[in-house]
Amino acid sequence: MGELKKEKTTDILKTNKDQVVQLSILVEVAHPVVRMPVVDGDGNSFYFPGVGGITYNFGLGDNAFKMHGDHIEPDVSTKNKDKDLNPTCMALACIGNEATVVSGDAKGMKGYVIGKHGGIDHILIWFPEKEKLAIGDKIQIKAWGQGLELLDYPEVKVMNIDPCLFEKIPIKLKKGKLHVPVTAVVPAHLTGSGIGAGNPAATDYDMNTLDKEEIKKYGLDKVRIGDLVAISDHYNGYGAGGYKGGALSIGVVVHSDCFKTGHGPGMVIIMTSKEGKIVPVIDENSNIKNYLEI
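For reference, each letter of the sequence shown is one residue, going 895 to 1188 in our numbering.
Below, the structure is given as structure tokens:
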């Protein structure tokens, strides 16, 4: 495993890829953090796991509603233990970035960044043999993607995605708009925690899954970790989750559902348009696991 293959599946989109800075950042496998009890919208309390750690039975491609827990993070959760440096790591890491273990028994193993989780500020990484990792193992990420621009579509902002992964998404150009494959469309009224964060390039925000019938109505109960989803009437150019009629954003599902009111599976924004330049196209196979070919 190495950097992503360069074959393009998208229509020709001119970018400034060659000018986008690639930097090293260092994180380590984070210990689980448990906040008990967790109280749901009906007043029931639960005592179960939460964020962090190496999650052996939940990962990229799994249904986001699979686990009985609180914001369960897929595969391997990481962070920089220096509180001054971790925000930088969160801001620079992009989905699809190559990650290499640089200490411990798994030294040399390579994987990919598959998400980041605001609040707890964890970078989420897939590895082919996560069982070989231990808490505290250090991982170096080739952070690349922030600053990527679409030269012919300046009104569409791109963030949080490795340029090579972006090129593998089968985006089609039709009548001046970008047709992007997604597994579901999240309506604005089903978004929740994380809205209002100042930097959409360093966080995620949640679906709001309190109303289970609404979630099923829109097919959101079927989304998987790594799915591309559209968020209607949301513009994320200068902050997270701003409502604007006609806007549209594309996000990647990065963590599990949660029982807390106003919470749900998290989404990291990778594209956003205020002027309706993005058109979602339903494709059940639109998942970064497929685009990464892992």
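Positions of the beta carbon are idealized from the N, C-alpha and C atoms, including for glycine.
Report yes or no: do three or more beta-carbon pairs, one from the stretch 1157–1171 and one from the stretch 1131–1138, lie closer than 8 Å? The answer is yes - the stretch 1131–1138 touches the stretch 1157–1171, with three or more Cβ pairs under 8 Å.
Distance check for E1025 and V996, CA to CA, integer angstroms please. As a position in the sequence shown, residue 996 is number 102, starting the count at 1. As a position in the sequence shown, residue 1025 is number 131, starting the count at 1. Annotation: V996 to E1025 spans about 16 Å, alpha carbon to alpha carbon.
Does P1075 pass the burial test, meaning 16 or more other C-beta atoms within 10 Å, or should it be called exposed? Looking up residue 1075 in the sequence shown gives position 181. Burial check for P1075: the Cβ neighbour count within 10 Å reaches 16 or more, so the residue is buried.
Could you give the DSSP three-state label for Y1099: helix, strand or coil? Counting from 1 along the sequence shown, the entry for residue 1099 is found at position 205. In the structure shown, Y1099 adopts extended strand secondary structure according to DSSP, grouped into three states.
In chain order, what residues of the same chain have a beta carbon less than 7 Å from the beta carbon of V921, not counting five sequence neighbours either side? For the purposes of this step, residue 921 is taken as the residue at position 27 of the sequence shown. Non-local C-beta neighbours of V921 in its own chain, meaning closer than 7 Å and more than five positions away in sequence, comprise T972, K973, N974, C983, I1017, I1033 and I1035, ordered along the chain.
Residue environment, N938, which counts as buried when at least 16 other CB atoms sit within 10 Å: Position 44 of the sequence shown, counted from the start, is the residue given in the question as residue 938. Classification for N938: exposed.
For M1101, is the classification buried or exposed, using 16 other Cβ atoms within 10 angstroms of its Cβ as the cut-off for buried? The sequence position of residue 1101 within the sequence shown is 207, counting from 1. M1101 is buried by the Cβ-count criterion.
Using three-state DSSP, classify L1104 as helix, strand or coil. Sequence index remark: in the sequence shown, residue 1104 carries index 210 (1-based). The three-state secondary structure of L1104, taken from DSSP, is coil.
I need the DSSP call for E1043, collapsed to helix, strand or coil. Within the sequence shown, the letter at position 149 stands for residue 1043. E1043: strand per DSSP, three-state reduction.
Check whether the Cβ atoms of V1050 and A1078 lie closer than 8 Å to each other. Taking the sequence shown and counting its residues from 1, one reaches residue 1050 at position 156. Taking the sequence shown and counting its residues from 1, one reaches residue 1078 at position 184. Going by beta carbons, V1050 and A1078 fall outside the 8 Å limit.
For the stretch 1174–1188 and the stretch 1056–1076, state whether three or more C-beta atom pairs, one from each stretch, are separated by less than 8 Å. Taking 8 Å as the limit for Cβ pairs, the verdict is that the stretch 1056–1076 does touch the stretch 1174–1188.
Pull up the CB-CB distance for F1021 and D969, whole angstroms please, since I reckon it's below 8 Å. What you label residue 1021 is simply residue 127 of the sequence shown in a count that begins at 1. What you label residue 969 is simply residue 75 of the sequence shown in a count that begins at 1. Between F1021 and D969, the beta carbon gap of about 7 Å places them in contact (Cβ cut-off 8 Å).
DSSP state of T994, grouped into three classes? Position 100 of the sequence shown, counted from the first residue, corresponds to residue 994. In the structure shown, T994 sits in a strand (DSSP, three-state: E or B).
Kindly list the residues whose CB is nearer than 7 Å to the CB of H962, restricted to its own chain and excluding five residues on each side of it in sequence; keep chain order. By one-based count along the sequence shown, residue 962 stands at place 68. The beta carbon of H962 lies closer than 7 Å to those of F942 in the same chain, with the five residues before and after it left out.
Would you mind stating whether A1037 and Q916 have Cβ atoms separated by less than 8 Å? For the purposes of this step, residue 1037 is taken as residue 143 along the sequence shown, with counting starting at 1. For the purposes of this step, residue 916 is taken as residue 22 along the sequence shown, with counting starting at 1. Yes, these two residues count as a Cβ contact at 8 Å.
Apart from the five residues on each side of it in sequence, which residues of its chain come closer than 6 Å, Cβ to Cβ, to G1131? Here residue 1131 refers to the residue found at position 237 of the sequence shown. Once the five neighbours on either side are set aside, the close Cβ partners of G1131 are K1051 and T1166.
What three-state label does DSSP hand F940 in the structure shown? Along the sequence shown, read from residue 1 onward, the residue named residue 940 stands at position 46. When DSSP states are grouped into helix, strand and coil, F940 belongs to the strand group.
Taking only the alpha-carbon atoms, compute the straight-line gap between G955 and G1139 and give it to the nearest angstrom. The residue given as residue 955 occupies position 61 in the sequence shown. The residue given as residue 1139 occupies position 245 in the sequence shown. Note on geometry: alpha-carbon atoms of G955 and G1139 lie some 31 Å from one another.
Beta-carbon proximity check, I1182 vs I989, cutoff 8 Å: Translated into positions along the sequence shown, residue 1182 becomes position 288. Translated into positions along the sequence shown, residue 989 becomes position 95. Closer than 8 Å, so yes.
Excluding five sequence neighbours on each side, which residues of the same chain lie with their C-beta closer than 7 Å to the C-beta of D1115? Numbered from 1 along the sequence shown, position 221 holds the residue referred to as residue 1115. For D1115, where only same-chain residues beyond five positions count, the Cβ hits under 7 Å are F959 and I1109.
Three-way DSSP call (helix, strand, coil) for E922 in this model: Stepping through the sequence shown from its first residue, residue 922 is reached at position 28. Assignment of E922 by DSSP, reduced to helix, strand and coil, places it in the strand class.
What did DSSP end up calling A1082 once you bin it into helix, strand or coil? Start at 1 with the first residue of the sequence shown, and residue 1082 comes out as number 188. A1082: helix per DSSP, three-state reduction.
Own chain residues within Cβ distance below 8 Å of T1085, not counting five before or after: Position 191 of the sequence shown, counted from the first residue, corresponds to residue 1085. Here the set comprises Y1099, D1100, M1101, N1102, I1125, H1128 and G1135.
Determine the direct distance from the alpha carbon of K1111 to that of L1067, and round the result to whole angstroms. For the purposes of this step, residue 1067 is taken as the residue at position 173 of the sequence shown. For the purposes of this step, residue 1111 is taken as the residue at position 217 of the sequence shown. Those two C-alpha atoms are separated by around 29 Å.
Skipping 5 residues on each side, what residues in its chain have a beta carbon closer than 7 Å to that of G1030? Residue mapping note: residue 1030 aligns to position 136 of the sequence shown, counting from 1. Contacts found: E922 and V923.
So, with DSSP's three-state summary, where would you put L1027? In the sequence shown, counting from the first residue as 1, residue 1027 sits at position 133. When DSSP states are grouped into helix, strand and coil, L1027 belongs to the coil group.
Straight-line gap, G935 to V945 (C-alpha atoms, nearest Å): In the sequence shown, residue 935 corresponds to position 41, counting from 1. In the sequence shown, residue 945 corresponds to position 51, counting from 1. Within the model, the alpha-carbon separation for G935 versus V945 is close to 20 Å.
Could you tell me how far apart the beta carbons of V1146 and G1009 are, in whole angstroms, since I believe they sit closer than 8 Å? Translated into the one-based positions of the sequence shown, residue 1146 becomes position 252. Translated into the one-based positions of the sequence shown, residue 1009 becomes position 115. About 6 Å; that satisfies the 8 Å criterion.
Assuming S1150 contacts F952 (C-beta within less than 8 Å), just tell me the rounded distance between them. In the sequence shown, the residue the question calls residue 1150 occupies position 256. In the sequence shown, the residue the question calls residue 952 occupies position 58. Indeed, because the Cβ distance is near 7 Å, the residues count as touching under 8 Å.
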